[in-house]
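Under the numbering used here, the first residue of the sequence shown is numbered -14, with each subsequent residue one higher.
Below you'll find the structure, written out as structure tokens, and then a few comments.
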Amino acid sequence: MRLVDSHCHLPLIDGGADGTAGVIQRAKDAGVTHMLCVSVDLETFDGVAGIAANCDDVSASVGVHPNTDEGGVEPSVKGLVELAGRESIVAIGETGLDYYRSQGDLDWQRARFRTHIRAAREAALPLIIHCREAPADVLRILREEKATEAGGVMHCFVDDWDTALAAMDLGFYISISGIVTFKNAAGLQEVARRLPAERILVETDSPWLAPVPRRGKQNEPAYVTHTATFLAELRGQTPDEFAEFTTRNFFNLFKLAGNMPTDDASPQEMANR
């Protein structure tokens, strides 16, 4: 099984004595051939970009998470586009709306979201969308800002089938995290079962949301194998079949991440790249 972790936060994972290099190596040993390290603010962006620039198996994004408080470096379209030109940057985000963690007047959050969409259109890069308890507004703003011109992914998807359909109609992929393995995730499991093969991605969102059987522990990219195996069984596919099309989907969406690995290399050769 050869997988991609389409969403992780490598600098936030405690790698122990081996640090981030150890996290990446464990992922490769597990068959994870590529990881997308996602930016959450501009203050730590250099670290995110540096990891990707120094590792062929890692790509990165640039963006400010919707829950990042006002008062930090606020993104601008020009600034995001300039940073997106750096080596190994393949996407804009994560961005979106979160009405669970942020309260009160959230006009600033919606304005920040629009800034990211405009930057993605200008840079011709896909968007990484965070949506929590805000699907109607997320979809409305994506439509108003012509986000179909950029495309992207609804990361860590937890909403209903109608929301998934609406997002796919806008040209977006749906990424499923370890939440799908939880006992109380029957609704999400049904969505995951129905998703077309050409529109599904798989992710960890590590260091959070470790899948069963690692639930409650720190998550890391190596554990995407547990989620992928669960999803393959849920959908009536073999793990290799599921890994094949989700990996292909990733490289179709994030074109600057490179080409899909070929079958000429053995699993061990892939792990040692």
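Using N, Cα and C, we set each Cβ at its ideal position, and we do this for glycine too.
- The way I'd put it, the region 112 to 119 does touch the region 76 to 92; three or more beta-carbon pairs between them come closer than 8 angstroms.
- Pairing Ser191 with Cys(-7) gives a Cβ-Cβ distance under 8 angstroms.
- Judged by beta-carbon spacing, Leu173 lies beyond the 8 angstroms limit of Val197, meaning their Cβ atoms are not closer than that value.
- Beta-carbon to beta-carbon, Phe30 and Leu68 are separated by about 7 angstroms, close enough to satisfy the 8 angstroms threshold.
- Nearest in C-alpha terms to Cys40, of all of Val47, Gly64, Ala12, Gly57, is Ala12.
- For Glu226, the enclosing alpha helix (DSSP H) stretches over residues 224 to 238.
- The continuous stretches of beta strand (DSSP E) do not include Ala242, and DSSP gives it neither H nor E.
- Pro(-4) and Asp145 have their alpha carbons spaced roughly 31 angstroms apart.
- Every unbroken stretch of the alpha helix (DSSP H) spanning 4 or more residues and falling wholly within the region 78 to 131 is given here in chain order: 92 to 108, 120 to 129.
- Burial check for Tyr208: the Cβ neighbour count within 10 Å reaches 16 or more, so the residue is buried.
- Taking a contact to require three or more Cβ pairs closer than 8 angstroms, the region 59 to 73 and the region 129 to 136 do not qualify as touching.
- Short of 7 angstroms from the beta carbon of Pro224, and not among the five residues preceding or following it, lie these beta carbons of its own chain, in chain order: Met(-14), Ala213, Thr214, Ala217.
- The three-state reading of DSSP puts Phe215 in helix, counting H, G and I together.
- The alpha-carbon separation between Val138 and Cys22 amounts to approximately 14 angstroms.
- Of the candidates Leu241, Arg233, Leu238, Phe239, Arg233 places its Cα closest to the Cα of Thr247.
- Residue range 43 to 47 is occupied by the beta strand (DSSP E) that includes Ala45.
- Looking at the backbone, the Cα of Gln88 and that of Ala195 are separated by about 27 angstroms.
- Counting other Cβ atoms within 10 Å of its Cβ, Asn204 reaches 16 or more and is therefore classed as buried.
- DSSP places Ala170 in the coil class of the three-state scheme, outside both helix and strand.
- Per DSSP, the beta-bridge partners of Ile74 are Ala45.
- Counting other Cβ atoms within 10 Å of its Cβ, Gly57 stays below 16 and is therefore classed as exposed.
- Only buried fits Ala45, as 16 or more other CB atoms lie within 10 angstroms of its CB.
- At a Cβ-Cβ threshold of 8 angstroms, Val17 and Val(-11) count as neighbours.
- Apart from the 5 residues on each side of it in sequence, Arg71 sits with its Cβ closer than 7 angstroms to the Cβ of Ala34 in its chain, given in chain order.
- Excluding its 5 nearest sequence neighbours in each direction, Arg178 has C-beta neighbours in its own chain below 8 angstroms: Leu219, Arg220, listed in chain order.
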